[in-house]
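Some notes on the structure that comes next.
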Amino acid sequence: MKADALRGHLDPMILAVVEHEPLHGYAVMEALLERSGGELDLPTGTLYPALRRLERAGYLASEWSTVGGRKRRTYQLTSAGQKMLATGKTEWDAFRTVVEGVLRPRTN
Numbered sequence: 001m002k003a004d005a006l007r008g009h010l011d012p013m014i015l016a017v018v019e020h021e022p023l024h025g026y027a028v029m030e031a032l033l034e035r036s037g038g039e040l041d042l043p044t045g046t047l048y049p050a051l052r053r054l055e056r057a058g059y060l061a062s063e064w065s066t067v068g069g070r071k072r073r074t075y076q077l078t079s080a081g082q083k084m085l086a087t088g089k090t091e092w093d094a095f096r097t098v099v100e101g102v103l104r105p106r107t108n
């Protein structure tokens, strides 16, 4: 998938994968890859800055934990993040409807 196609949609996708459970950065990357059928293989240079940006904006909260002797930061959705995700889903539905109308017009 082209990186330009993700522009404006990456943040809601990240919020969606942490919607139900806190995940560390690599698990977020794996969840995006799995949910996309292998199409979203994001480099760490794209994902981690996005996670930090979402945290600074108040949509994610994080905490450090040690698992198997390794420190990792785990991210979870905040109440502001839940609202942003709901908005992102609504905007995506509207965008998808518009694009479908153009690319696959109904014939009468």
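The sequence shown lines up with residues 1 to 108 when you count with full-length UniProt numbering.
Glycine included, C-beta positions come from ideal geometry on N, C-alpha and C.
Host alpha helix (DSSP H) of residue i (start-end)
i, result
"T78", "That residue, T78, is in no alpha helix (DSSP H); it is neither H nor E in DSSP."
"T44", "T44 to R56"
"V18", "Element bounds for V18: n/a, residue is neither H nor E."
"G25", "G25 to R35"
Burial state of residue i, where buried means 16 or more other Cβ atoms lie within 10 Å
i, result
"H24", "buried"
"V99", "exposed"
Cα-Cα separation, residue i to residue j
i, j, result
"Y26", "G68", "15 Å"
"P49", "D11", "11 Å"
"K89", "T66", "33 Å"
"Q76", "V18", "6 Å"
"L40", "T46", "11 Å"
Segment limits, beta strand (DSSP E) that includes residue i
i, result
"T66", "L60 to V67"
Sequence-distant residues of its chain with Cβ nearer than 6 Å to residue i (five each side left out)
i, result
"E55", "S62"
"residue 114", "Past the boundaries of the shown model lies residue 114; the chain is included only from 1 to 108, so the question cannot be answered."
Supposed contact pair residue j and residue i - C-beta distance, whole angstroms, cut 8 Å
i, j, result
"Y59", "M29", "No, Y59 and M29 are not in contact; Cβ-Cβ is about 18 Å, not under 8 Å."
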